[in-house]
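Asker: Sharing a structure here in structure tokens format.
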Amino acid sequence: MRRRAADYRRPVRRRFSYWIWLLLAFSSVLALLLFLLQHNHHHQDPHHYPLPERNARVEHFAKESLNFTQEILSVKSFSRQLAEQMILAKAYVVIAKEHNNLHLAWQLSSKIRNCQLLLSKAAITGEPITLEEAEPIIKSLSLLMFKAQDIHYDISTTIVTMKSHIQALEERVNAAIVQSTVFGQIAAEAVSKSLHCLNVKLMSDWLKIPSLQELSDERKNSPRLVDNNLYHFCIFSDNVLATSVVVNSTVSNADHPKQLVFHIVTNGVSYGVMLAWFLRNDFKGATIEIQNIEEFHWLNASYSPLVKQLLNPDSRTFYFGAYQDLNVEPKMRNAKYLSLLNHLRFYIPEIYPQLEKVVFLDDDLVVQKDLTPLFSLDLHGNVNGAVETCLEAFHRYYKYLNFSNSVISTRFDPQACAWAFGMNIFDLVAWRKANVTTKYHYWQEQNADGTLWKLGTLPPALLCFYGLTEPLDRRWHVLGLGYDLNIDNRLIESAAVIHFNGNMKPWLKLAIGRYKPLWDKYINQSHPHFQDCVTS
């Protein structure tokens with residue numbers, strides 16, 4: 033006669049403390065979840081039978097696919113009972129080793145391995161564990177744990193031991209998180225081999241082909257560059273492939289691409305690379321200007337507080353030195369946060385003195401819809417049109433700025449809504465009237481010691497454009513594709529611009545696979561240099 037699985041529950045004494053179970057509960061749940069993730073084959077759900085009928089129908093179950101998730105979660109299954117026995121036995125292994133009872137630890141470990149093999153077999157074959165298979169292991173594990181209680185493992189000793197191990201595990205987890213963040217930051221800052229290869233080949237073209245330099249000189253003085261009847265976009269970047277995707281996606285989704293003008297500013301190293309790429313690729317008749325930031329002689333230490341900071345040895349050591357102090361947030365070490373190219377967005381009216389409106393675009397985004405309607409939006413006298421990000425509580429001013437400092441707390445509302453920097457429509461006439469760049473200089477000087485905010489361009493922008501920002505419809509700019517794996521597909525599809533902000537950039541191996549095709553489709557993969565570099 034077959035007996036119910038419940039009849040073989042482990043003979044744990046009633047005096048076994050409730051507190052020990054409390055300590056083990058969290059680890060038990062985690063272990064069960066991990067086991068399910070490793071062994072769940074996503075089989076179709078079988079028919080369910082009452083427990084008395086179960087063993088009589090083993091052959092029937094073997095012929096059908098087993099839902100192992102449901103099997104191991106069922107309170108009446110042998111799989112569930114074995115998993116619970118195994119988790120408790122692992123706790124006793126730790127305690128036995130702590131008390132130098134290596135023989136008991138070895139005995140428990142041996143039974144645990146038998147238990148794991150039986151559970152793995154059930155998951156792989158799709159057959160439920162039978163009473164004949166489970167009974168010997170359940171009995172032997174129960175006897176060993178009963179023996180462990182009889183030796184010297186009193187409740188207080190067990191609790192202290194488990195607490196110390198939990199604390200040690202927490203410390204290891206925290207250390208692993210810090211290390212992972214550092215490695216992730218290093219990977220995000222790295223230049224991929226294919227991109228480096230492309231840069232080298234393009235620079236070689238720029239130096240070897242005189243016609244490219246002649247063509248560049250011809251286009252420098254095009255009247256379209258200052259025509260306010262056209263639609264002007266500016267991008268500041270040293271990444272040729274990323275910039276190309278931004279331009280290509282914008283013109284590909286524009287109703288009238290020939291009316292678009294792109295103003296690209298890069299550094300001296302990438303200047304020839306950018307020219308070689310954009311002069312030899314067609315972007316549907318759009319006008320493209322490439323400038324070298326090193327030729328902006330007006331942007332010097334006597335004018336810009338940021339340039340002065342860049343020349344400061346302490347700042348350079350902090351941002352461009354090695355990762356020596358793990359107590360410093362790794363993100364703060366990213367040199368881009370002190371990059372002149374990154375802060376060039378605060379000098380747009382000076383760079384383009386004849387323009388009245390411009391859309392600023394980051395280099396880590398993809399445009400999916402026509403952006404020209406942005407130029408006809410009524411900003412109601414404001415300087416900046418941006419999508420607000422305070423739908424979540426943490427995207428408010430107090431999260432970016434130090435409100436314990438009276439310089440901040442007396443002038444700004446800590447609950448004010450933050451907004452996204454990366455796709456912004458700027459009214460440059462209103463900008464000049466409000467002296468926004470002067471405000472930026474003031475706040476950069478106030479934050480010379482880094483006490484008002486820690487990093488980036490958004491904190492000073494929140495101060496400079498306070499009361500001067502017009503909220504845009506959220507669909508204009510959807511963020512998070514560089515870190516958030518769970519963005520709703522409907523939101524992505526409806527977005528005019530999708531932004532890969534975060535470390536998982538689409539041109540890196542770190543990229544989130546689900547979003548990468550959205551970026552890849554705008555790469556000119558027919559370019560011979562691109563093909564060579566990807567193949568090599």
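Each residue of the sequence shown is one higher than the one before, starting from 33 at the first, in the working numbering. Note that the Cβ used here is the ideal one computed from N, Cα and C, for glycine as well. On a predicted model such as this, the values are computed, not experimentally measured, just so you know.
#1: If you draw a straight line from the alpha carbon of W539 to that of F532, how long is it in whole angstroms?
#2: Suppose contacts are defined by Cβ-Cβ distances below 8 angstroms. Is N299 in contact with L239 by that definition?
#3: What number of angstroms, rounded off, separates the C-alpha of I156 from the C-alpha of Q181?
#4: Please report the distance separating the alpha-carbon of N285 from that of Q478.
#5: If you drop the 5 nearest sequence neighbours on each side, which residues of the same chain put their C-beta closer than 7 angstroms to that of P289?
#6: Taking buried to mean at least 16 other C-beta atoms within 10 Å of its own C-beta, is E159 buried or exposed?
#7: What are the residues that DSSP puts in a beta bridge with C147?
#8: Given F407, which residues of its chain have a CB within under 8 angstroms of its CB, disregarding the five upstream and five downstream residues?
#9: So, using beta-carbon positions, are A123 and L136 closer together than 8 angstroms?
#10: Using C-beta distances below 8 angstroms, list every residue in its chain close to R256, excluding the 5 sequence neighbours before and after it, in chain order.
#11: Using only alpha-carbon positions, find the residue among Q557, N132, F178, G512 that is nearest to D396.
#12: For P345, does the three-state DSSP call read helix, strand or coil?
#13: Give the DSSP-derived three-state secondary structure of I524 in the structure shown.
#14: Whole alpha helix (DSSP H) runs in the stretch 469-509 with 4 or more residues, listed along the chain?
#15: Along the chain, where does the alpha helix (DSSP H) containing H228 start, and where does it finish?
#16: Please state the DSSP three-state secondary structure of D402.
#17: M306 to E203, Cα distance in whole Å?
#18: Go ahead and pull the three-state DSSP assignment for A180.
#19: Under 8 angstroms: do the stretch 427-441 and the stretch 318-336 share three or more Cβ pairs, one atom per stretch?
#20: Across which residues does DSSP place T319 in a beta bridge pair?
#21: With Y303 as the anchor, note down where its beta strand (DSSP E) starts and where it stops.
#22: Below 8 angstroms between beta carbons: does that hold for L504 and A450?
#23: If you draw a straight line from the C-alpha of M455 to the C-alpha of S281, how long is it?
#24: Pull up the distance between the alpha-carbon of L550 and that of H295, whole angstroms please.
#25: Between Y474 and I191, what straight-line distance do the alpha-carbon atoms span, to the nearest angstrom?
#26: Just tell me which of N253, V415, S196, L151 has its CA closest to the CA of E130.
#27: Taking all protein chains shown into account, decide if Q341 is buried (16 or more other Cβ within 10 angstroms of its Cβ) or exposed.
#28: For E388, which three-state DSSP category applies?
#29: What's the call for T470, buried or exposed, on a 16-neighbour Cβ count within 10 Å?
#30: Alpha helix (DSSP H) containing F277: first to last residue?
#31: Give me the Cα-Cα distance between L273 and V125, rounded to the nearest whole angstrom.
#32: Using only alpha-carbon positions, find the residue among Y498, N556, D564, A166 that is nearest to F310.
#33: Please state whether DSSP places A418 in a helix, a strand or coil.
#34: Using only the alpha-carbon positions, how far apart do K252 and H427 sit?
#35: Tell me the DSSP bridge mates of L338?
#36: In whole angstroms, what is the alpha-carbon distance linking V398 and M536?
Answerer: Quick look at the numbers:
#1: The sequence position of residue 539 within the sequence shown is 507, counting from 1. The sequence position of residue 532 within the sequence shown is 500, counting from 1. Rounded to the nearest angstrom, the two C-alpha atoms are 10 angstroms apart.
#2: Within the sequence shown, numbered from 1, the residue matching residue 299 stands at position 267. Within the sequence shown, numbered from 1, the residue matching residue 239 stands at position 207. No; because the gap between Cβ atoms is not below 8 angstroms, this pair is not in contact.
#3: Here residue 156 refers to the residue found at position 124 of the sequence shown. Here residue 181 refers to the residue found at position 149 of the sequence shown. Approximately 35 angstroms between the Cα atoms of the pair.
#4: Along the sequence shown, read from residue 1 onward, the residue named residue 285 stands at position 253. Along the sequence shown, read from residue 1 onward, the residue named residue 478 stands at position 446. The alpha-carbon atoms of N285 and Q478 are separated by roughly 42 angstroms.
#5: In the sequence shown, the residue the question calls residue 289 occupies position 257. Closer than 7 angstroms at the Cβ level, and outside the excluded window around P289, lie V283, K316, G317, A318.
#6: By 1-based counting over the sequence shown, the position of residue 159 is 127. When all chains shown are included, E159 counts as buried.
#7: One-based indexing of the sequence shown puts residue 147 at position 115. Answer is none; C147 lacks a bridge partner.
#8: Walking along the sequence shown from the start, residue 407 turns up at place 375. If we look at F407 and ignore the five residues flanking it on each side, its Cβ neighbours are Y263, K389, V391, I457.
#9: As a first step, residue 123 is located in the sequence shown; it is residue number 91 there, counting from the start. As a first step, residue 136 is located in the sequence shown; it is residue number 104 there, counting from the start. Not closer than 8 angstroms, so no.
#10: In the sequence shown, residue 256 corresponds to position 224, counting from 1. These residues qualify, in order along the chain: L262, V293, T319.
#11: Here residue 396 is taken as the residue at index 364 of the sequence shown, counted from 1. Looking at the Cα atoms, G512 is the closest of the given residues.
#12: Here residue 345 is taken as the residue at index 313 of the sequence shown, counted from 1. Three-state result, P345: helix.
#13: Start at 1 with the first residue of the sequence shown, and residue 524 comes out as number 492. I524: helix per DSSP, three-state reduction.
#14: 490-496
#15: For the purposes of this step, residue 228 is identified with residue 196 of the sequence shown, where counting begins at 1. Element bounds for H228: 225-240.
#16: What you label residue 402 is simply residue 370 of the sequence shown in a count that begins at 1. Looking at D402 - three-state DSSP - the assignment turns out to be coil, as it is neither helix nor strand.
#17: Position 274 of the sequence shown, counted from the first residue, corresponds to residue 306. Position 171 of the sequence shown, counted from the first residue, corresponds to residue 203. Straight-line Cα distance between these residues: approximately 47 angstroms.
#18: In the sequence shown, the residue the question calls residue 180 occupies position 148. Of the three classes helix, strand and coil, the one that applies to A180 here is helix, per DSSP.
#19: no
#20: Within the sequence shown, residue 319 is the residue found at index 287, counting from 1. Note: T319 sits in a beta bridge opposite V293.
#21: As a position in the sequence shown, residue 303 is number 271, starting the count at 1. Taken as a continuous stretch (DSSP letters only), Y303 belongs to no beta strand (DSSP E), being part of the alpha helix (DSSP H) at 300-311.
#22: Counted from its first residue, the sequence shown places residue 504 at position 472. Counted from its first residue, the sequence shown places residue 450 at position 418. Going by beta carbons, L504 and A450 fall outside the 8 angstroms limit.
#23: For the purposes of this step, residue 455 is taken as the residue at position 423 of the sequence shown. For the purposes of this step, residue 281 is taken as the residue at position 249 of the sequence shown. Looking at the two C-alpha atoms, the distance is approximately 14 angstroms.
#24: Translated into the one-based positions of the sequence shown, residue 550 becomes position 518. Translated into the one-based positions of the sequence shown, residue 295 becomes position 263. If you take the alpha carbons of L550 and H295, they lie about 24 angstroms apart.
#25: Residue 474 sits at position 442 when you count from the first residue of the sequence shown. Residue 191 sits at position 159 when you count from the first residue of the sequence shown. Cα to Cα, Y474 sits roughly 58 angstroms from I191.
#26: Translated into positions along the sequence shown, residue 130 becomes position 98. Shortest Cα-Cα distance from E130 to any of N253, V415, S196, L151 involves S196.
#27: As a first step, residue 341 is located in the sequence shown; it is residue number 309 there, counting from the start. It is buried - the Cβ of Q341 has at least 16 other Cβ atoms within 10 Å.
#28: If you number the sequence shown from 1, residue 388 lands on position 356. For E388, the three-state secondary structure derived from DSSP is coil.
#29: One-based indexing of the sequence shown puts residue 470 at position 438. Per the 10 Å Cβ criterion, exposed.
#30: Counting from 1 along the sequence shown, the entry for residue 277 is found at position 245. In the sequence as presented, Phe is not what sits at residue 277; that position holds Val. Looking at the DSSP string, the run of the alpha helix (DSSP H) that includes V277 is 272-284.
#31: Against the sequence shown, residue 273 aligns to sequence position 241. Against the sequence shown, residue 125 aligns to sequence position 93. Between L273 and V125, the C-alpha separation is close to 55 angstroms.
#32: Looking up residue 310 in the sequence shown gives position 278. For F310, the nearest C-alpha among the options comes from N556.
#33: Numbered from 1 along the sequence shown, position 386 holds the residue referred to as residue 418. Here A418 sits in strand by DSSP.
#34: Working through the sequence shown from its first residue, we reach residue 252 at position 220. Working through the sequence shown from its first residue, we reach residue 427 at position 395. Distance between the alpha carbons of K252 and H427: 41 angstroms.
#35: For the purposes of this step, residue 338 is identified with residue 306 of the sequence shown, where counting begins at 1. For L338, which the question treats as bridged, DSSP gives no partner whatsoever.
#36: Counting from one through the sequence shown, the residue named residue 398 turns up at place 366. Counting from one through the sequence shown, the residue named residue 536 turns up at place 504. For V398 and M536, the distance between alpha carbons rounds to 14 angstroms.
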